[in-house]
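Have a look at the structure below before the remarks.
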Amino acid sequence: MSVDTATVAKIASLARIKVSEAEVQAMVPELNGILAWVEQLGEVNVAGVEPMTAVIPNTLRLRADVVNADPLTGGDIRDAVLANAPVAEHGFFGVPKVIE
């Protein structure tokens, strides 16, 4: 796949980027080089390679999932929180209707 000046100008137009003709001419070989590199990456045999999200193995430190772990910020204080709400409806914050 290769890119020509018309393609670069069309992409710039779609992205709403003002690009001069000289910049379009300079971008054509750069974009062609990038696409050639991506095609070269596609030739790499990755059969049997597990996908990974990081180079090193990461594990998250998780806390115990306890509802009332902290009495100030924990769960089961719905009534105390809703006491501050201007309007409470059925155990939830009441908000004005936005869509008719």
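Sequential numbering from 132 applies to the sequence shown in my numbering. By construction, the Cβ of each residue, glycine as well, lies at the ideal position given by its N, Cα and C atoms.
Q: Check the C-beta distance from VAL134 over to VAL155 and give it rounded, since I have them as a contact under 8 Å.
A: As a working note, residue 134 is residue 3 in the sequence shown. As a working note, residue 155 is residue 24 in the sequence shown. Actually they do not touch by this definition, with Cβ atoms about 10 Å apart.
Q: Would you kindly work out how many angstroms separate the C-alpha atoms of ALA216 and LYS141, rounded to a whole number?
A: For the purposes of this step, residue 216 is taken as residue 85 along the sequence shown, with counting starting at 1. For the purposes of this step, residue 141 is taken as residue 10 along the sequence shown, with counting starting at 1. Computed Cα separation, rounded: 52 Å.
Q. Just to confirm, are VAL159 and THR136 a CB contact at a threshold of 8 Å?
A. Within the sequence shown, numbered from 1, the residue matching residue 159 stands at position 28. Within the sequence shown, numbered from 1, the residue matching residue 136 stands at position 5. Their beta carbons are under 8 Å apart, which means VAL159 touches THR136 by this criterion.
Q.
For ALA167, report the span of its alpha helix (DSSP H) as first-last.
A. Position 36 of the sequence shown, counting from 1, holds the residue named residue 167. Unbroken alpha helix (DSSP H) run through ALA167: 152-173.
**Q.** Separation of GLY205 from PRO236, as counted between CA atoms
**A.** The question about residue 236 has no answer, for the chain in this structure spans 132 to 231.
Q. Relative to the alpha-carbon of PHE224, which residue among ARG192, ILE230, ASP210 has its alpha-carbon at the smallest distance?
A. Position 93 of the sequence shown, counting from 1, holds the residue named residue 224. Nearest of ARG192, ILE230, ASP210 to PHE224, Cα basis: ASP210.
Q.
Assuming THR138 is part of the alpha helix (DSSP H), what are its boundary residues?
A. Position 7 of the sequence shown, counting from 1, holds the residue named residue 138. From DSSP, the alpha helix (DSSP H) with THR138 extends over 136-145.
**Q.** C-beta atoms of VAL197 and ASP207 nearer than 8 Å
**A.** Walking along the sequence shown from the start, residue 197 turns up at place 66. Walking along the sequence shown from the start, residue 207 turns up at place 76. Against a cut-off of 8 Å, the Cβ pair of ASP207 and VAL197 comes out as no contact.
(Q) So, for ALA194: in the same chain, excluding its five sequence neighbours on each side, which residues have a beta-carbon less than 8 Å away from its beta-carbon? (A) By one-based count along the sequence shown, residue 194 stands at place 63. Per the sequence presented here, residue 194 reads as Arg, with Ala not at that position. So the qualifying residues of the chain are ALA200.
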